[in-house]
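This note's numbering numbers the first residue of the sequence shown as 26 and each following residue consecutively.
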Amino acid sequence: MTTFPAPNNDAERTAAISELGILNSGTSPEFDAVTRIAADILDCPIALISIVAKDEQWFKSNVGLSVAGTPRELAFCTHTIMDDVPLIVPDARSDDRFKNNPLVLGEPNIVFYAGVPLSLGRNHNLGTLCVIDSKPRELNDTQIGLLRNLAKIVEAQIKALQIQRELKSKTDALERSTSFLEQIKKLTGVGGWELELDPLSLTWTDETKRIHEVSEDYLPQLETAIDFYAPEARSIIQGAVESALNEGIPWDLELPLDTAKGNRICVRAAGAPVYKNGTMTSLIGAFQDISEQKRVEERIRSSEKIAREKTASLLAILDNMDEGVSVFDANGRLVIWNARYLEIFGKPTNEVRTGVAFRSLLEMEQSRDEFHGDIDRHIEDLTHKLQRGETAAYQFQSANGKSISSMNAPLPGGGWVGTHNDITEQVMAAEVHKYASFHDALTGLPNRLAFNSKLEEIEEKAADDESIALLFVDLDRFKEVNDTNGHQAGDALLTETATRLQGCMRKDDMVARLGGDEFACVIVCKTADAIQVAEDIASMVNTELRRPFEILGKPISIGGSVGISVASTREFSIDSLTRNADEALYKVKECCRGGYHVHDTGLMFENKAKKENASAVRSAVRCNVLGLDFQPIFSLNNGSCVGVEALLRWRGTDAQALSPEEIIRISEEQGTISEIGQWVIWESIKSLRFLDEDQRVAVNVSPRQLGSGSTFDQVVWTLNEFGVDPSRLELEITENVPLTGENEAVVELFKLKSLGVKIALDDFGTGFASLSYLQNFPFDRIKIDRSFVSASSDDALSLAIVRSVTSLANELSVETTAEGIETHEQLARVQSMGCTYGQGFYLARPSTIDSSPKSTPVLRPIA
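What follows is the structure, encoded as structure tokens:
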């Protein structure tokens, strides 16, 4: 069983993750912003926020990967959470902990990794913020510091998610408190009065008369008005009036008063002078029956402890309700709010104060990039709904990623009361439900519904130069595994199959599970490449599914069959596409399980010839269709044959004969060039037994044969097998072989030359090589291309090139061979220019090795 490092408190840590509810909670814009920043500033293609759960790591945010998580035993982050410091892995390929990890050996080919642990209250490391690259990297202290700071931002976001879950279910308390606040507004009952000084005249309002319990037509006088006060209070009110008249001092007193009906009450009497042009003209004031207030105060004083508890309870209700509460008056100014209101919107405490305008609050939010709408339009919409007596409902996305629902109800006297709820969980639950509707619960792949939706989308967005390839994949022997090992093993096999299939796809391709052990791959690509792309992916799928699975601790081998249907996106129908793929799948399961079959009504015919040629080349060596002819190479000095060049030939008698160029091209395309190249080397060295000891054989080598070391191994083995001196073998390479730097092709060529094998540069002047090409490798011979040799005497440029190459070669002590000598004139020209060797039809045509001439009659020694 695979093991992995785990913290001592791992059970508590994973329990904390579960309680937090973050696992599989979907992505969030605020988390995605952090990973995008991390990827950008550290220049890494992949950035992740990973939550390391009991058996898996799940990505809360993901930049650069198409998967939602990985098994925990494969996760680099499993090692990061073991400590409180960043984990930096410059090159995983040389790190014993990771060099055999499938994520290093395969997709996404992790080489560099840097992760910072994410802590919850410093008690548990929940996961990491990490960046990944497919090439070795180093981070300096500044970059590590940036990654740490970004990790702190993620920790703050996780803390916010924790807080959201702590307070709920106190809606009834909000309704009771709202009712209480409404009743408070009805408790006012204030009267007024005015005493004009010239002439002296006292006026009471109706409310003042009601308080005195006099009739509405009662005409008050100053003396009689003072007589209403209780005897012990008359001197006080008299003194207050005189101080106002003489010194302009206002008053505000609470005094006992006897009404006209003999009822003793307590009133609040307030007054102040009024001036006009610097002269006092009157006294005005307010008059309020505060008897009930005094009785309440008396009751409160008599039960002070109970009152304090009730007050504390009310405040606690306001500040601990799940809902945030904000009350605005008719002028749009804030009058009441609770702590939850500040918390939900994340408002600074110094921003919210009594009397602050609703518009100002929105403007401050907008300055912090927390309100993204049009302020004028929002206020206009809110006002319009409130004036119609409607409740205005809005949903916002806060800067910290919370989803907030606001319900704003109009108040009778103008203004409104807003109740605000954090509905992040409900929104996330809806997103999870939507995800579940379109994804397979077991594998996490898109399901049949998503598959059909994808096909419909492709049908709607059809393009002229695009085709769709549909691959139906069916597991071989799955029922046998399920029946033998149980459903748990079957489920694990399906899950691992999903992972492998995804690894075979390109970035925008879809893999879906249609049900049971049936999968589908949807690929859109250029029409010209459609069949090739589909076959390449099908081949990878076959290979991946043939690779043994490790299921519940035991190896299981199955396989998979693939049916392919290809059609233009402008012409296909979903029914025919799926039917054709199904028929192709049936065909491959019927005849050769574990392979693939293409059902295509249009593109298939266009590629038929290409596929037939490729098939013919694949079987050419073992079917003895290929052979070699040898063209003699002569010394232009004395006419002797110094060796031969091996030329590939198609010996087949059927109509499908291919030219050497076609054979090489197809072999390179399908990756069989090494097999053919090894055969040519074997046969060429073998042919030396027909030649003199001082004669050599030249063999053309494809660029794709170099770099792996296999050509060197083949040459050494064959030379030893036939006992041939290495100097009798000449390998010809073209200018397409990269010789810059210390690449693997250069290394192999130097090994061959150190062995004694001669290396020739073929077709010089036709590629992109410069003079520096000759500096990068010590060639033994340069072959001048036939296009320059066969040029007419009027082609001054071609003649100059031949003359320059020959002169340069002589200066470098490198021999030259002129190719394609077809006439006596051409022969005489290259002789006069100093070419060392020559070959061509004029000298001798290619033939079998036992027919090669020792010399040519058209050549005479040059004195």
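Beta carbons: idealized from backbone N, C-alpha and C, even for Gly.
Quick one: residues in its chain with C-beta nearer than 7 angstroms to the C-beta of residue i, no 5 flanking neighbours on either side, listed in chain order?
{"i": "Ala890", "result": "Because residue 890 is not part of the residues shown, which for the chain are 26 to 888, the question remains open."}
{"i": "Thr743", "result": "Ile706, Trp707 and Ile710"}
{"i": "Ser598", "result": "none"}
{"i": "Thr468", "result": "Leu519, Thr520, Ala523 and Arg538"}
{"i": "Ser316", "result": "Ile290 and Cys291"}
{"i": "Gln182", "result": "Glu55, Phe56, Asn425 and Gly426"}
{"i": "Gly734", "result": "Glu773"}
The alpha helix (DSSP H) spanning residue i covers which residue range?
{"i": "Gln168", "result": "Asp166 to Gln189"}
{"i": "Arg538", "result": "Per DSSP, Arg538 belongs to no alpha helix (DSSP H); it is in the beta strand (DSSP E), Met535 to Gly540."}
{"i": "Asp738", "result": "Ser735 to Phe747"}
{"i": "Ile701", "result": "Ile698 to Ser712"}
{"i": "Ile599", "result": "Ile599 to Cys616"}
{"i": "Gln851", "result": "His849 to Ser857"}
{"i": "Ile42", "result": "Asp35 to Leu45"}
{"i": "Ile325", "result": "Ser316 to Ser327"}
{"i": "Phe476", "result": "Arg473 to Glu485"}
Taking the beta strand (DSSP E) that residue i falls in, what are its first and last residues?
{"i": "Thr228", "result": "Leu225 to Trp229"}
{"i": "Val623", "result": "Tyr621 to His624"}
{"i": "His20", "result": "With the chain covering 26 to 888 only, the question about residue 20 has no answer from this structure."}
{"i": "Ile874", "result": "No beta strand (DSSP E) contains Ile874, which DSSP labels as neither H nor E."}
{"i": "Val724", "result": "Arg721 to Asn725"}
{"i": "Cys155", "result": "His149 to Asp158"}
{"i": "Asn433", "result": "Ser428 to Pro435"}
{"i": "Glu757", "result": "Leu754 to Ile758"}
{"i": "Leu786", "result": "Lys783 to Phe789"}
{"i": "Gln656", "result": "Leu651 to Ser660"}
Out of the options, which has the shortest C-alpha to C-alpha gap to residue i?
{"i": "Leu570", "options": "Phe737, Gln703, Ala821 and Leu518", "result": "Leu518"}
{"i": "Leu672", "options": "Leu227, Ile262, Trp704 and Pro32", "result": "Trp704"}
{"i": "Gly489", "options": "Leu852, Asp534, Pro437 and Lys551", "result": "According to the sequence shown, residue 489 is Asp rather than Gly. It is Lys551 whose Cα lies nearest to the Cα of Asp489."}
{"i": "Pro161", "options": "Val114, Gln168, Lys124 and Phe123", "result": "Val114"}
{"i": "Ile655", "options": "Ser640, Asn662 and Arg674", "result": "Before going on, a small fix: residue 655 reads as Phe here, not Ile. Nearest option by C-alpha distance: Arg674."}
{"i": "Ile689", "options": "Ala641, Ser735, Ser712 and Ala364", "result": "Ala641"}
{"i": "Asn150", "options": "Pro32, Gly89 and Arg854", "result": "Pro32"}
{"i": "Leu754", "options": "Asp242, Ile74 and Lys783", "result": "Lys783"}
{"i": "Arg572", "options": "Asp533, Leu500, Ala555 and Glu596", "result": "Leu500"}
{"i": "Asp242", "options": "Asp231, Ala185 and Ile251", "result": "Asp231"}
{"i": "Ser752", "options": "Ser779, Arg729 and Thr759", "result": "Ser779"}
{"i": "Asp819", "options": "Arg854, Val741 and Thr861", "result": "Arg854"}
{"i": "Thr284", "options": "Ile262, Asn302, Leu278 and Lys234", "result": "Lys234"}
{"i": "Leu653", "options": "Thr306, Met432, Thr873 and Gly380", "result": "Thr873"}
{"i": "Val239", "options": "Gly273, Lys286 and Glu163", "result": "Lys286"}
{"i": "Leu963", "options": "Ala139, Leu90 and Leu99", "result": "Since the first and last residues shown for the chain are 26 and 888, residue 963 lies out of range."}
{"i": "Val722", "options": "Val266, Val381, Ser812 and Gly668", "result": "Gly668"}
{"i": "Ser462", "options": "Thr449, Phe476, Glu450 and Ala265", "result": "Phe476"}
Please classify residue i as buried or exposed, where buried requires at least 16 other C-beta atoms within 10 Å of its C-beta.
{"i": "Phe10", "result": "What is shown of the chain runs 26 to 888, which leaves residue 10 out entirely."}
{"i": "Asn174", "result": "exposed"}
{"i": "Thr522", "result": "buried"}
{"i": "His508", "result": "As written in the sequence, residue 508 is Asp, which differs from the His given in the question. Exposed."}
{"i": "Ala609", "result": "buried"}
{"i": "Leu474", "result": "exposed"}
{"i": "Lys486", "result": "exposed"}
{"i": "Thr213", "result": "Residue placement at Thr213 is flagged as unreliable, the pLDDT there being 48, under the threshold of 50; the coordinate-derived value follows with that caveat. So Thr213 counts as exposed."}
{"i": "Arg806", "result": "buried"}
{"i": "Ser727", "result": "buried"}
{"i": "Thr95", "result": "buried"}
{"i": "Arg320", "result": "exposed"}
{"i": "Ser43", "result": "exposed"}
Using C-beta distances below 6 angstroms, list every residue in its chain close to residue i, excluding the 5 sequence neighbours before and after it, in chain order.
{"i": "Ile135", "result": "Ala117, Leu128, Val129 and Ile157"}
{"i": "Leu353", "result": "Per the sequence shown, the amino acid found at residue 353 is Phe instead of Leu. Counting only Cβ-Cβ distances below 6 angstroms, and skipping sequence neighbours, we find Leu359, Phe383, Gly440 and Trp441."}
{"i": "Trp229", "result": "Trp218 and Pro245"}
{"i": "Val749", "result": "Ile710 and Leu713"}
What does a CB cutoff of less than 8 angstroms around residue i pick up in its chain, not counting 5 residues either side in sequence?
{"i": "Thr52", "result": "Lys85, Ser86 and Asn87"}
{"i": "Arg61", "result": "Ala72 and Val88"}
What are the uninterrupted segments assigned as alpha helix (DSSP H) that are 4 or more residues long and contained completely in the region 49-99, given in chain order?
-> Counting whole runs of 4 or more residues, the region 49-99 contains the alpha helix (DSSP H) stretches 54-66.
Kindly provide the ranges of any beta strand (DSSP E) runs that are 3 or more residues long and lie completely inside the region 215-262, ordered along the chain.
-> Counting whole runs of 3 or more residues, the region 215-262 contains the beta strand (DSSP E) stretches 215-222 and 225-229.
Whole runs of the beta strand (DSSP E) within the region 102-149, excluding any shorter than 3 residues = If we require 3 residues or more, the beta strand (DSSP E) runs fully inside the region 102-149 come out as 112-114 and 137-145.
Every unbroken beta strand (DSSP E) inside the region 500-579 [3 residues or more] = If we require 3 residues or more, the beta strand (DSSP E) runs fully inside the region 500-579 come out as 535-540, 543-551 and 574-576.
Report the residue ranges of all beta strand (DSSP E) runs contained in full by the region 354-407; include only those spanning at least 3 residues, in chain order.
-> Within the region 354-407, the runs of beta strand (DSSP E) that reach at least 3 residues and sit entirely inside it are, in chain order, 359-362.
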